[in-house]
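**Q**
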Amino acid sequence: MEKAEMFWSASQDELKQGYIEDERQYTCLLCGHAVQKGIVYPEEGVLYEAKRYIRIHIEREHRSVFEYLMDLDKKLTGLTEHQNRLLRLFYQGKSDAEVQKEMGIGSASTIRNHRFVLKEKERQAKLFLAMMELLKERDEHAPAFVPLHQKARMVDDRYNVTEDEKAVVLKKFFPHGSEDALKSFPPKEKQRLLILQEITKRFENERKYDEKEINQILETVYHDHVLLRRYLIEYGFLDRTSDGSQYWLKK
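Going by this note's numbering, the first residue of the sequence shown is number 62, and it counts up by one from there.
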C-alpha cells in the first residue's frame, strides 16, 4: 500500500496516534517509516521496544501528529489561516487571555466565541464522517480516486483523478512500464501529477540525495531531468535545502 493511500485509509484513532500496526510492524502514517516488531531499538543510550520506538520516531521527526496535520495545506484541513493559528495556540496550553494578547484581537470573550465556532465545526465533521461511512455502504457507483499525497500543494481540480484514469495515463506516457523511460512529458496538469507521483517511487523514504544523485535518477526517466526536478518540487513531492545541496521525498 502506498503512503498516501495508507494515510487516507487510516481510522481516526490510527490518524491520532500517527501510525498503523500489522502482525509484523508499526508504520508511521506521516512518512512511511516502518519499525519491525520483536526488535529492540537504541535511542540515546536507552533501549526501546518497537511500539515505544515508533512514538519516539514521530516525536523526533515530526514533533507531533498535531503539528504535522496543522502544517498540511489548508484545502486538506479545511482551516483558515486564522483558525490554524488559534488551534496552535490552544494546543500550546495558552489561556483565552493569553491567546487574545498574542493575536491582538478583540477580547477574551472573542476568543471564547472562536472556541465555540471550532466546536461547532467539530460536531459538523463528526456528522459528515458518519454520513460518508453510511454512504460507502450503499453507493455502488463511487469511483476510486487517486489518493492525495499529504504535502500536496495547490490542491485543486487537477487532483480529481480516478484510478482507472491513472492507469490510462501511465500506459500512454510509460508505454513500456513505469520503471522504464518516459515517452514525453505530459502537457496537461492532471497528467503531470500522475506521472510525477509515479516517478517518486524511484526514491527512498528518509534518504537524502545530493544533486548529482537526483539528476542521475531522473536522467533514466527523461532527457530533461531539470524539468522533472523542478516540477517534483513545485508539486510538493520533493523538498531540498536552500542551497540545493540535498534533496529528499517530502514527508
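Heads up, the beta-carbon is just placed ideally off N, CA and C, and yes, glycines get one too.
Please read these numbers as outputs of a predicted model, since none were measured by experiment.
Do residue 322 and residue 299 have their C-beta atoms within less than 9 Å of each other?
**A** A query on residue 322 cannot be resolved here, the shown segment of the chain reaching from 62 to 312 and no further.
**Q** When the Cα atoms are used, what is the spatial distance from residue 294 to residue 285?
**A** As a first step, residue 294 must be located in the sequence shown, where it is residue number 233. As a first step, residue 285 must be located in the sequence shown, where it is residue number 224. About 15 Å.
**Q** Is the beta carbon of residue 220 closer than 9 Å to that of residue 269?
**A** Working through the sequence shown from its first residue, we reach residue 269 at position 208. Working through the sequence shown from its first residue, we reach residue 220 at position 159. The answer is no: Cβ separation not under 9 Å.
**Q** Tell me, to the nearest whole angstrom, how far the beta carbon of residue 211 is from that of residue 133; I am working on the premise that it is less than 8 Å.
**A** In the sequence shown, the residue the question calls residue 211 occupies position 150. In the sequence shown, the residue the question calls residue 133 occupies position 72. Under the criterion of beta carbons closer than 8 Å, residue 211 and residue 133 qualify as touching, at roughly 6 Å.
**Q** CB-CB under 6 Å to residue 64, same chain, minus the five flanking residues each way: which ones, in chain order?
**A** For the purposes of this step, residue 64 is taken as the residue at position 3 of the sequence shown. Hits under 6 Å: 93.
**Q** With distances taken between CB atoms, is the gap from residue 146 to residue 157 smaller than 9 Å?
**A** Residue 146 sits at position 85 when you count from the first residue of the sequence shown. Residue 157 sits at position 96 when you count from the first residue of the sequence shown. Contact flag unset, no.
**Q** Write down every uninterrupted run of the alpha helix (DSSP H) in the stretch 215 to 301 whose length is 4 residues or greater and which is fully enclosed by it, in chain order.
**A** 224 to 234, 250 to 260, 272 to 280, 286 to 295
**Q** Pick helix, strand or coil for residue 88, following the three-state DSSP scheme.
**A** Residue mapping note: residue 88 aligns to position 27 of the sequence shown, counting from 1. Strand at residue 88.
**Q** With a threshold of 16 other CB atoms inside 10 Å of the CB of residue 85, please say whether the residue is buried or exposed.
**A** Counted from its first residue, the sequence shown places residue 85 at position 24. Using a 10 angstroms sphere on the CB of residue 85, the tally of other CB atoms stays under 16, which defines it as exposed.
**Q** Once you ignore the five residues that flank residue 244 on each side, which residues in its own chain have a CB closer than 8 Å to its CB?
**A** Your numbering for residue 244 matches position 183 in the sequence shown. The residues are 233, 234, 235, 236.
**Q** Less than 6 Å between C-beta atoms, sequence neighbours within five positions excluded: which residues of the same chain meet that for residue 280?
**A** Looking up residue 280 in the sequence shown gives position 219. Correct list, in chain order: 286.
**Q** Answer yes or no: do residue 251 and residue 218 have a C-beta to C-beta separation smaller than 9 Å?
**A** Counting from one through the sequence shown, the residue named residue 251 turns up at place 190. Counting from one through the sequence shown, the residue named residue 218 turns up at place 157. Contact flag set, yes.
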